[in-house]
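J.: Got a structure for you, questions after.
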Amino acid sequence: MVGNEREAYWALSIVIGLLFVALFIYIGYDVVTKGASLESERTTAVLGRTGVMEFNPYAILDFLPISPGAFTELHLRFGESLEKKPRIFSVNYFLKDENGNFLTGKRDKYVWLKWMELRVHGDVDAIETPTGYIPIYTDLEKLFDKWLGKEFKEDLYEKLFTIRIAKLLEKTERILKIYSSILDTPQKLFTILQEQKKRLKEAEWRYGTTVNPFKLDKK
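Per the UniProt record's numbering, the very first residue in the sequence shown carries number 1; after that it's consecutive.
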């Protein structure tokens with residue numbers, strides 16, 4: 001596998017990889033940026049302390065055949081070649097409360113998938129945030145009732161979808177610093193991250209260091 005064939009292969013691999021990677025929708029270049037900025041919590045499968053967040057672009061750092069910068073460049077170019085860009089949904093199944101308990105259960109994933117299906121077909125709206133789009137509370141409330149027969153409370157929605165501006169700004173700075181040390185990182189990635197940082201700063205000025213999703217405008 002050489003030349004364009006190799007590039008096409010790695011481009012396809014990251015598109016597939018991003019699918020499993022909360023419920024934000026990223027469109028265009030932001031899709032690649034999301035994958036390039038991933039951090040993973042160390043588990044018992046990895047030597048060292050557990051619970052430590054580590055830079056893990058595309059959730060496959062240990063398996064990257066080339067540098068994260070070059071890998072990102074391939075997928076930015078792949079994205080540019082698409083006439084119709086797919087919607088990518090980013091789901092964090094492992095959010096915990098202040099006591100270390102998971103906020104959602106295994107069966108709740110069914111609702112996230114049903115919401116994705118509705119969103120793809122244009123049957124539900126979404127709320128714009130500095131880093132993507134999130135579901136509207138009433139849509140999730142109906143889906144939980146219809147498909148799981150359970151109540152989806154407003155306080156759980158707030159915990160799941162509150163935008164933690166300060167934390168996101170810290171992460172953006174970390175990612176910028178890391179990629180600044182990777183010589184073949186494309187300039188486009190820095191531009192996208194700086195644009196995201198600007199949106200986060202604007203949101204911080206307007207709402208504060210955390211943003212309740214109920215305060216955001218529906219788009």
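Ideal Cβ placement from N, Cα and C applies to all residues, glycine included.
1. Please tell me whether, using a cut-off of 8 Å, the distance from the CB of D145 to the nearest non-hydrogen atom of the ligand FAD is below it.
2. Apart from the five residues just before and just after L168, which ones in its own chain have a Cβ nearer than 7 Å to its Cβ?
3. Comparing C-alpha positions only, which one of T185, E141, D145 and K109 sits nearest to D155?
4. In whole angstroms, give me the CA-to-CA distance for D97 and L76.
5. What separation, rounded to the nearest whole angstrom, lies between the Cα atoms of D184 and S67?
6. By how many angstroms is the C-alpha of E80 removed from the C-alpha of R119?
7. Looking only at its own chain, which residues have a Cβ that is under 8 Å from the Cβ of residue 220, when we skip the five neighbours before and after it?
8. Distance, Cα to Cα, D108 vs K171?
9. Indicate the three-state DSSP secondary structure (helix, strand or coil) for T191 in the structure shown.
10. Spell out a yes or no on whether the stretch 101 to 117 and the stretch 189 to 197 are touching, meaning 3 or more CB-CB pairs, one atom from each, closer than 8 Å.
11. Cβ atoms of F94 and P135: under 9 Å apart, would you say?
12. Please report the residue range of the alpha helix (DSSP H) in which E170 lies.
T.: So, to answer that:
1. Inclusion of the ligand FAD in the displayed structure is not the case, the ligand content being empty and no account of it being possible.
2. T131 and L200
3. E141
4. 35 Å
5. 8 Å
6. 23 Å
7. Given that the chain is displayed from residue 1 to residue 219, the structure contains no residue 220 and the question cannot be resolved.
8. 27 Å
9. helix
10. no
11. no
12. I165 to S180
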